[in-house]
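Chemist: All you need for the working numbering is the position in the sequence shown, starting with 1, plus 21.
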Amino acid sequence: MAGDSRAGLGSPSMSLPGQRSTTLGASVAEKSTTCHLSGFCWGPPTQVDVENAFTGDGKMRTMSHLSTEDEAELQYLLRKLLKSTKDRISGAPSIECAEEILLHLEETDKHFHNYEFVRYLRQHVDRSLGAVVEAETEHGAGEDNAGAAHDIHGVTRRTRDSAEYKQMMQTLKNTMSVVVESLINKFEEDQLRKEEMDRENPHGQSESHFNDNCSDSDSSFNHSYAFIKQEQLQALAEQLDSGQPKEVRWEALQKVCCAPPSDVLSCESWSSLRTSLSAVLDDPDPDLSDKVLKFFAKTSSSSPFNLTREIYSSLAKSLEGYFLSHKLSLPFGSDGIDVTRPDISRLLKQMRLINDFQKEMPSFWIRHPEKYMEEVIESTFSLLSVHPDLGSAPPGIQNALQPVYLLALLDVKATWFNKWMHSYYSRAVIFRLLERKYKTLVVAAVQQCLQHNTDCEHGTHNTTDACCSIEQQNSSSQWTVYTRRELEYAFFVHSLCILGKVLIYTNGRKLFPIKIQKHKDPFSLTDLVVTLINIMYRHPQPSRTAPTHADSLAPRTLAAEVLWMLCEQTESAVDCVYQRPVIEALLAPLIHLLNGEQAKLKSPGVTLTHIADVLARIANTDRGLSLFLHDKSLDLANNKGTSASHVIVQFTQRLLNKDLPSLAQSEMSPAVCGAYLFACRQMYNTCEGLQVLRPYGLHTFIAAALKEVPICVFISTMQHLQNTCIKGQNHPKDIFDSVPPSIPQVPTGGTCTCTLGNPNVDPGTVVLCSRACPNLVWEETLQDSLLHLAATPKGLLLLHNTGALSGCVAYMFSRFVRKLQVSHCEKFGYGVMVTQVATTAPGVMALRDSGYVRALVVKLWSVLECGREDLRVVHPKSTPMDPIDRSCLKTQTYCEGLLGTSGMVSCQRELQLLPPGEL
Numbered sequence: 022m023a024g025d026s027r028a029g030l031g032s033p034s035m036s037l038p039g040q041r042s043t044t045l046g047a048s049v050a051e052k053s054t055t056c057h058l059s060g061f062c063w064g065p066p067t068q069v070d071v072e073n074a075f076t077g078d079g080k081m082r083t084m085s086h087l088s089t090e091d092e093a094e095l096q097y098l099l100r101k102l103l104k105s106t107k108d109r110i111s112g113a114p115s116i117e118c119a120e121e122i123l124l125h126l127e128e129t130d131k132h133f134h135n136y137e138f139v140r141y142l143r144q145h146v147d148r149s150l151g152a153v154v155e156a157e158t159e160h161g162a163g164e165d166n167a168g169a170a171h172d173i174h175g176v177t178r179r180t181r182d183s184a185e186y187k188q189m190m191q192t193l194k195n196t197m198s199v200v201v202e203s204l205i206n207k208f209e210e211d212q213l214r215k216e217e218m219d220r221e222n223p224h225g226q227s228e229s230h231f232n233d234n235c236s237d238s239d240s241s242f243n244h245s246y247a248f249i250k251q252e253q254l255q256a257l258a259e260q261l262d263s264g265q266p267k268e269v270r271w272e273a274l275q276k277v278c279c280a281p282p283s284d285v286l287s288c289e290s291w292s293s294l295r296t297s298l299s300a301v302l303d304d305p306d307p308d309l310s311d312k313v314l315k316f317f318a319k320t321s322s323s324s325p326f327n328l329t330r331e332i333y334s335s336l337a338k339s340l341e342g343y344f345l346s347h348k349l350s351l352p353f354g355s356d357g358i359d360v361t362r363p364d365i366s367r368l369l370k371q372m373r374l375i376n377d378f379q380k381e382m383p384s385f386w387i388r389h390p391e392k393y394m395e396e397v398i399e400s401t402f403s404l405l406s407v408h409p410d411l412g413s414a415p416p417g418i419q420n421a422l423q424p425v426y427l428l429a430l431l432d433v434k435a436t437w438f439n440k441w442m443h444s445y446y447s448r449a450v451i452f453r454l455l456e457r458k459y460k461t462l463v464v465a466a467v468q469q470c471l472q473h474n475t476d477c478e479h480g481t482h483n484t485t486d487a488c489c490s491i492e493q494q495n496s497s498s499q500w501t502v503y504t505r506r507e508l509e510y511a512f513f514v515h516s517l518c519i520l521g522k523v524l525i526y527t528n529g530r531k532l533f534p535i536k537i538q539k540h541k542d543p544f545s546l547t548d549l550v551v552t553l554i555n556i557m558y559r560h561p562q563p564s565r566t567a568p569t570h571a572d573s574l575a576p577r578t579l580a581a582e583v584l585w586m587l588c589e590q591t592e593s594a595v596d597c598v599y600q601r602p603v604i605e606a607l608l609a610p611l612i613h614l615l616n617g618e619q620a621k622l623k624s625p626g627v628t629l630t631h632i633a634d635v636l637a638r639i640a641n642t643d644r645g646l647s648l649f650l651h652d653k654s655l656d657l658a659n660n661k662g663t664s665a666s667h668v669i670v671q672f673t674q675r676l677l678n679k680d681l682p683s684l685a686q687s688e689m690s691p692a693v694c695g696a697y698l699f700a701c702r703q704m705y706n707t708c709e710g711l712q713v714l715r716p717y718g719l720h721t722f723i724a725a726a727l728k729e730v731p732i733c734v735f736i737s738t739m740q741h742l743q744n745t746c747i748k749g750q751n752h753p754k755d756i757f758d759s760v761p762p763s764i765p766q767v768p769t770g771g772t773c774t775c776t777l778g779n780p781n782v783d784p785g786t787v788v789l790c791s792r793a794c795p796n797l798v799w800e801e802t803l804q805d806s807l808l809h810l811a812a813t814p815k816g817l818l819l820l821h822n823t824g825a826l827s828g829c830v831a832y833m834f835s836r837f838v839r840k841l842q843v844s845h846c847e848k849f850g851y852g853v854m855v856t857q858v859a860t861t862a863p864g865v866m867a868l869r870d871s872g873y874v875r876a877l878v879v880k881l882w883s884v885l886e887c888g889r890e891d892l893r894v895v896h897p898k899s900t901p902m903d904p905i906d907r908s909c910l911k912t913q914t915y916c917e918g919l920l921g922t923s924g925m926v927s928c929q930r931e932l933q934l935l936p937p938g939e940l
């Protein structure tokens, strides 16, 4: 057993030449084992401890006369104990903590008494002190005092004062000293042998340089740390100097990586050591730089935030110095940056680690002083504001490769910045630093958006191809070359995402106006929003070969998302969107198309939809609605003195009639029409808006368009829908089964024959189709637009005059059956319209004929009688104490809305229709 390979402790020495190594395993074994482990069962003693100490059934030779086999066996048992507890020991920040862990091992480790080393010691204690303890116990039992027989503490004290105990402890200390000394010698021999092998083969395989094991032997302390002194760290910092040979620097780096991170980061020479490590990051040798980068990553993952921010700052300053000193240039023409090039690969690895830090830090920096967070944010802004001047670029052309380009490649949508802006705690620091020192970051982002807008206007860049390339590169690990156009596009997307987050906050908007090159006047918020609108207009239609997910990075989509975010908050909408230049820019394409001119839209269909979405969000607020209805000071080409609402409703009418000569038929799709109907709906579902739009008769255009749509069975056969739903058959397939065979049928999910524009399908034809049928979607859009007229009394009258009241109420009932929610822009749900419709006799009849009243009564009765369907009845319900049971509150409210007027009750009783004049 003496020749067993398990004899080595296996953690490299951190001592300098000429000094004796002291490792965690050896030191703990020598101190804890010789001084404490032999007395583990005595302090504080319990009944179980004393009983366990004398129940060993094995035999043991006298320890004062050890043979070679005995020594090897003790080495093996001690090494096995340390191996079993290596996870606890390796996580100790210091040798004192490791000793404490071993001293309290019996309290924390449930397998303590099963370790062979512990059983071995118990046998020795039993053999040496068994007779003494037995004699003391019998002596106490012979006395008259009954309590003395159970005085375990007294027995223990007298036993420890006996000569046998002192002799046992002396023998045990001497024996364990020999064993520990043997283990240390074995470890030193292994370490010297390893160092000799490293000297003989300094250029070994690269993977050995990245081995986390601190020893190449099959030891108990692989992946562990060896403790190190302050003087040693100072010497290691000197050995890492760039003037030292590579072998010396590599050996010093190995020792630093194997030391506990807490010792390295808390030492007095950490500042000089950090400077040396940062210098190694720029070393052209990839082995050295990658080793330091791995040390930083490993250290930061196991260190508190106050130490992690020092590592982060070191990385950021190292990168900043590298970009300023090396002055890398952007590629020109068809050339690209190859990420497999050693210097670029090293920079990307460092930037990747920084980006990982950026995403994780917000989760815990709130628990630390603000100065730590401010240091991290400032070092980041300092890095991103680096702008090397190469001096060889034409005026206005960016020639230098900046750190922000690499960060944009790794995190194109600026996820790190979104996380940093999530809480006010960090957001306040960001805005304060941007305003005082780093406003150039905002200026650079705005300039990049302006440059992209200029390139799109002159057609110098194909943004569609760049968008697709970036998206494919993000989803593929095989892409290695990035062209100048792709780098600039990634920077643009990154800048646009950052600006979107900045603009939605008041302190972010206070950064404007800013001074921009080639602009005499300060660049305001309004100018920026107009620029975003122009970017949305000038993005071309993606090619048919482009991936479907590439639109998420398209400039048109990104600019529209920023506009949507600005419209969702009142303060940002007032400062950025509710401005005359912005409204004029949004309405300019509509005016051009109304006048028969070509709009400056490179992708009219999609862009018009985005414009309608922004207009709908503006009209959804009181301030925006007032701007649309009453502001007639807008400069709308030949339509001066006209409000925005008139332009929108006229454009919507022309879309419904397909009367826009300058727009292709394919671009006047139902999706585009539906988007503008939705924008108009935000205006005419109010009394004020309906009064302005009523002269245009938009409801008649919608009703006419509805009559031209082939009737789908889902809407026309509402009686079948009513019957199947009341019977509990809510699945669409059940409705297909209940349709008469005379109606043409199309399988669910198949191609529908009633497509819009099909000359073989006449208007009014009843066709069975799936829910995805474009005909059905368009029909529901028109019915939903008409139904929202019922939000006001005058609108309900207009709806009744179109003759589509029954169909719209049936559509509303179908949504009620399917439990569909309304759009987030709607001010109220369909329950309000049910109440409005129920105030008139035609509305009551439409509700009754659609099956809504019957379904509502059946649902209320079932809830009162049986309870909710999703409530599992395990035991009888207690008598409710509330006036109205919560399970039927919503349904009962609907019924109260139906019976809210005397006319409704009368019509339900008499079932007769009042003349139209009595509405």
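A virtual CB, placed ideally from N, CA and C, is assigned to each residue, including glycine.
1) Would you check if the stretch 318–326 and the stretch 353–365 touch, i.e. whether three or more CB-CB distances between them fall below 8 angstroms?
2) Which one of H631, S297 and L807 has the shortest CA to CA distance from G718?
3) Let's test the definition: count the other Cβ atoms within 10 Å of the Cβ of P610 and tell me whether it reaches 16, buried, or not, exposed.
4) If contact is defined by three or more beta carbon pairs under 8 angstroms, each pair taking one atom from either stretch, is the stretch 512–528 in contact with the stretch 428–446?
5) Three Cβ pairs or more, each shorter than 8 angstroms: is that satisfied between the stretch 437–451 and the stretch 381–396?
6) Can you tell me which of the three DSSP states S350 falls into?
7) Apart from the five residues just before and just after Q255, which ones in its own chain have a Cβ nearer than 6 angstroms to its Cβ?
8) Do A700 and A620 come within 8 angstroms of each other at the CB atom, strictly closer than that value?
9) Inspect the beta-carbon positions of N796 and P731 and report whether they are closer than 8 angstroms.
10) According to DSSP, is I122 part of a helix, a strand, or is it coil?
11) Looking at the secondary structure, which residues open and close the alpha helix (DSSP H) in which V360 lies?
12) Considering only their Cβ atoms, is the gap separating L820 from A831 smaller than 8 angstroms?
13) At the level of alpha carbons, what is the spacing between L5 and Y393?
14) Report yes if the CB atom of F317 is closer than 8 angstroms to the CB atom of L336, and no otherwise.
15) Is any beta-carbon of chain B found at less than 8 angstroms from that of V407?
16) Taking the runs of the alpha helix (DSSP H) that are 4 residues or longer, which of them lie wholly in the stretch 801–834?
17) Between which two residues does the alpha helix (DSSP H) holding V583 run?
18) Could you tell me which of L99, S883 and T591 sits nearest to T527, measuring between CA atoms?
19) For the beta strand (DSSP E) containing Y503, list its first residue and its last residue.
20) For P390, which of S545, C588 and Y446 has the nearest alpha-carbon?
21) T630: which of I604, P691 and L919 sits nearest, CA to CA?
22) How many Å lie between A258 and C118 at the Cα?
23) Can you tell me whether S334 is buried or exposed, with buried defined as 16 or more other CB within 10 angstroms of its CB?
24) Inspect the beta-carbon positions of A581 and D634 and report whether they are closer than 8 angstroms.
25) Quick check on E20: buried or exposed, where buried means 16 or more other Cβ atoms within 10 Å of its Cβ?
26) Suppose you measure from the CA of C278 to the CA of N376; what does that come to, to the nearest Å?
27) If I follow the unbroken alpha helix (DSSP H) through G918, where does it start and stop?
28) Whole angstroms are fine: how far does the CA of T158 sit from the CA of E90?
29) How should C1 be labelled, buried or exposed, when 16 other C-beta atoms within 10 angstroms of its C-beta is the threshold for buried?
30) Which residues in the same chain as T552 place their Cβ atom closer than 7 angstroms to its Cβ, once the five residues preceding and following it in sequence are excluded?
31) Could you check if L58 is buried or exposed, using at least 16 other CB atoms within 10 Å of its CB as the buried criterion?
32) Could you tell me the distance, in whole angstroms, from the CA atom of S105 to the CA atom of L428?
33) Suppose you measure from the CA of F544 to the CA of I537; what does that come to, to the nearest Å?
34) Would you list the one or two residues that DSSP bridges to A725?
35) Could you please give the first and the last residue of the uninterrupted alpha helix (DSSP H) stretch that includes A876?
36) Taking 8 angstroms as the cut-off, does the stretch 855–875 touch the stretch 912–919 (at least 3 CB pairs, one atom from each stretch)?
Modeler: Straight from the coordinates:
1) Between the stretch 353–365 and the stretch 318–326 there are fewer than three C-beta pairs closer than 8 angstroms, too few to call the two in contact.
2) Answer by Cα proximity: L807.
3) That one is buried.
4) Under the 8 angstroms Cβ criterion, the stretch 428–446 counts as touching the stretch 512–528, having at least three qualifying pairs.
5) Touching, yes.
6) Residue state for S350 is assigned as strand, using DSSP reduced to three classes.
7) The residues are S290.
8) Going by beta carbons, A620 and A700 fall outside the 8 angstroms limit.
9) Yes.
10) Note: I122 maps to helix in three-state DSSP.
11) Element bounds for V360: n/a, residue is neither H nor E.
12) At a Cβ-Cβ threshold of 8 angstroms, A831 and L820 do not count as neighbours.
13) Residue 5 lies beyond the stretch modelled for the chain, which goes from 22 to 940, so this question has no answer here.
14) A contact, by the Cβ cut-off of 8 angstroms.
15) Looking at the structure shown, chain B is missing, and only one protein chain is on hand.
16) Scanning the stretch 801–834 for uninterrupted alpha helix (DSSP H) segments of 4 residues or longer gives 814–823, listed from N- to C-terminal end.
17) Where V583 is concerned, the enclosing alpha helix (DSSP H) stretches over P576 to E589.
18) Per the Cα distances, T591.
19) V502 to T504 is the span of the beta strand (DSSP E), which, as asked, contains Y503.
20) Residue Y446 holds the alpha-carbon nearest to the alpha-carbon of P390 among S545, C588 and Y446.
21) Cα-wise, what sits closest to T630 is P691.
22) Rounded to the nearest whole angstrom, the CA to CA distance from A258 to C118 is 26 angstroms.
23) So S334 ends up on the buried side.
24) It is a contact, given that the beta carbons lie within the stated cut-off.
25) For residue 20 there is no data in the structure shown, the boundaries of the chain being 22 and 940.
26) Roughly 22 angstroms separates the two Cα atoms.
27) From DSSP, the alpha helix (DSSP H) with G918 extends over L910 to L919.
28) Looking at the backbone, the Cα of E90 and that of T158 are separated by about 36 angstroms.
29) Residue 1 lies beyond the residue range present for the chain, which begins at 22 and ends at 940; the question has no answer from this structure.
30) Closer than 7 angstroms at the Cβ level, and outside the excluded window around T552, lie C470, L471 and N474.
31) Its pLDDT being 33, under 50, L58 is placed unreliably by the model, and the measurement read from it follows with that caveat. With 16 or more other Cβ atoms within 10 Å, it is buried.
32) Distance between the alpha carbons of S105 and L428 is about 44 angstroms.
33) So the two alpha carbons sit approximately 6 angstroms from each other.
34) A725 is not bridged to any residue.
35) Y873 to C887 is the extent of the alpha helix (DSSP H) around A876.
36) Remark: three or more beta-carbon pairs, one from each stretch, lie closer than 8 angstroms, so the stretch 912–919 and the stretch 855–875 are flagged as touching.
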